[in-house]
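Heads up: the structure comes next, in structure tokens.
In the numbering used here, the protein residues as written are 3 to 433.
What follows is the structure, encoded as structure tokens:
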């Protein structure tokens, strides 16, 4: 792969301790994508400020310009803070900066990449994959939020084109059913409300609590539920009271009432004469049966059924285990003849991923006309303060001494103070 045109900018912020060449013997295992929360020019300046204690290997402008700040063989300071991670390749006790490459993208969380910016990041990814001998999967090309889901939950944000990027890298044969979600519960709830204002959106939370137990992507399961039930408006053979979210057992013929449950728990699932499809006692049971059916298709017999979970899917044992590891593989299996069935679910997911959530620096409980709204927004965008994962700021909540220490550290660093030098610790930042 030809190396794309890259302008060297440089940064003094790299290595442990600062300025140390190399990665301490570690090999790069992943590319981590970020959003700048600002401009390319501002990022150039920030990464060249020693007090910032931050850098990345590359930055990509809205016009497709690629800047490089740190050599590939050295550790940048972009991914060091680990907070509630969901990335399985993390090495215990080892700073992620030592085994990752970081790419910043000009813009703000929720922004879509421009066409020029997308082509630049695609070319850079392809070159890095070949240069670093990386596999292409959803654990070797990740977002910053996979390492820090607390402070960096919107990095690179809902506007980042994950599905398109993986498709264009031409390595993934389809969209894996097993793995981490790309869409957030909030995006799916907002998307659902657009199609069904009366939607019981708490059902999304059930999917996000149950699907990970089986390793199934909850966002794909929810989008399949959208397709199968018409965004839970139903209108087909299966009715809403059945808690059947994916047409399980609905073969076109009504039930006799004495169907074989094939080991499924009779306290949770049943069939009733004249009714199409299985009947689940609770929404939880309906969601779990759906997830179990996806698990049966996606996971072969080497991946055991989760311990302490009851079988709820009466058709689980009819599936040839591992016969459909990708959602597109369900064509002709889950739906017959099913041409384009899996692809249609991915299209629903792509649309959901386009939903823009609460802008960075604004919170659901801070009115625009509040006397402190402007200050809250400015300090949040500057990275000095942060809200809570549910989108609230909770302005009347007391600040403890730990939080105060973090706020002061960020503010003084932003102001140009080298706190390590003042304190005489000599330690570098972890981000």
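Each residue gets a CB set at the ideal place from its N, CA and C atoms; glycine is no exception.
How about residue i and residue j: do their beta carbons lie closer than 8 Å?
i           : j           : result
residue 179 : residue 293 : no
residue 32  : residue 144 : yes
residue 347 : residue 244 : no
residue 126 : residue 6   : yes
residue 208 : residue 308 : no
residue 280 : residue 313 : no
residue 56  : residue 49  : yes
residue 88  : residue 156 : no
residue 219 : residue 192 : no
residue 296 : residue 223 : yes
residue 146 : residue 38  : no
residue 234 : residue 278 : no
residue 250 : residue 315 : yes
residue 366 : residue 393 : yes
residue 345 : residue 330 : yes
residue 462 : residue 121 : Coverage of the chain is limited to positions 3 through 433, which leaves residue 462 absent and any answer about it impossible.
residue 153 : residue 388 : yes
Have a look at residue i and residue j and give me their C-alpha separation to the nearest angstrom.
i           : j           : result
residue 100 : residue 93  : 10 Å
residue 9   : residue 327 : 41 Å
residue 376 : residue 102 : 36 Å
residue 53  : residue 118 : 32 Å
residue 405 : residue 411 : 10 Å
residue 339 : residue 333 : 7 Å
residue 261 : residue 252 : 12 Å
residue 163 : residue 368 : 30 Å
residue 206 : residue 395 : 23 Å
residue 13  : residue 98  : 19 Å
residue 291 : residue 210 : 14 Å
residue 319 : residue 91  : 32 Å
residue 177 : residue 400 : 44 Å
residue 132 : residue 66  : 21 Å
residue 372 : residue 415 : 28 Å
residue 382 : residue 407 : 16 Å
residue 248 : residue 353 : 20 Å
residue 197 : residue 187 : 16 Å
residue 269 : residue 325 : 29 Å
residue 124 : residue 321 : 37 Å
residue 351 : residue 214 : 18 Å
residue 18  : residue 417 : 23 Å
residue 241 : residue 298 : 24 Å
residue 379 : residue 413 : 15 Å
residue 70  : residue 128 : 16 Å
residue 62  : residue 283 : 52 Å
residue 16  : residue 45  : 15 Å
residue 362 : residue 40  : With a pLDDT of only 49 at residue 362, under the threshold of 50, the placement of this residue in the model should not be trusted, and no figure is reported.
residue 185 : residue 230 : 19 Å
residue 60  : residue 204 : 40 Å
residue 246 : residue 289 : 8 Å
residue 24  : residue 236 : 58 Å
residue 343 : residue 337 : 7 Å
residue 276 : residue 287 : 21 Å
residue 274 : residue 317 : 16 Å
residue 166 : residue 272 : 41 Å
residue 181 : residue 148 : 12 Å
residue 174 : residue 142 : Any reading at residue 174 is ruled out, since the residue's pLDDT is 49, under 50, leaving its predicted position unreliable.
residue 11  : residue 113 : 24 Å
residue 390 : residue 22  : 36 Å
residue 116 : residue 232 : 32 Å
residue 384 : residue 86  : 22 Å
residue 20  : residue 64  : 30 Å
Output the boundary residues of the alpha helix (DSSP H) element that contains residue i.
i           : result
residue 249 : From DSSP, residue 249 is part of no alpha helix (DSSP H); its letter is neither H nor E.
residue 43  : 42-49
residue 348 : 343-355
residue 68  : Taken as a continuous stretch (DSSP letters only), residue 68 belongs to no alpha helix (DSSP H), being part of the beta strand (DSSP E) at 68-70.
residue 337 : That residue, residue 337, is in no alpha helix (DSSP H); it is neither H nor E in DSSP.
residue 100 : Careful: residue 100 lies outside any alpha helix (DSSP H) and carries neither H nor E.
residue 440 : Residue 440 is absent from the model: the chain starts at 3 and stops at 433.
Which residue comes first and which comes last in the beta strand (DSSP E) that contains residue i?
i           : result
residue 61  : 60-62
residue 32  : 32-37
residue 386 : Counting along the chain, residue 386 falls outside any beta strand (DSSP E), and DSSP gives it neither H nor E.
residue 329 : Premise fails: residue 329 is in no beta strand (DSSP E) and is neither H nor E.
Any heavy atom of the ligand ATP within a distance shorter than 7 Å of the CB on residue i?
i           : result
residue 373 : Absence of the ligand ATP from the depicted structure is noted, as is the absence of any ligand whatsoever, leaving it without description.
Verify the CB distance criterion: does residue i have a CB-CB separation below 8 Å to chain C?
i           : result
residue 218 : Here chain C cannot be found, since the structure has a single protein chain.
Subject >> Contact between the stretch 62-75 and the stretch 19-31 (3+ Cβ pairs under 8 Å) >> reply: Cβ pair count under 8 Å is three or more, so yes.
Original post:
Three or more C-beta pairs closer than 8 Å, one from the stretch 254-263 and one from the stretch 294-303: is that the case here?
Top reply: No: fewer than three Cβ pairs fall under 8 Å.
**OP:** Ignoring anything shorter than 3 residues or poking outside the stretch 103-176, list the beta strand (DSSP E) runs there in chain order.
**Re:** 143-145
Original post:
What runs of the alpha helix (DSSP H), each 4 residues or longer, lie entirely inside the stretch 242-307?
Top reply: 285-300
Original post:
Quick one: any contact between the stretch 79-86 and the stretch 132-143, if contact means 3 or more CB pairs under 8 Å?
Top reply: Output reads no: the stretch 132-143 does not touch the stretch 79-86.
Original post:
Which ranges would you report for the alpha helix (DSSP H) in the stretch 166-225 if only whole runs of at least 4 residues count?
Top reply: 187-197, 204-216
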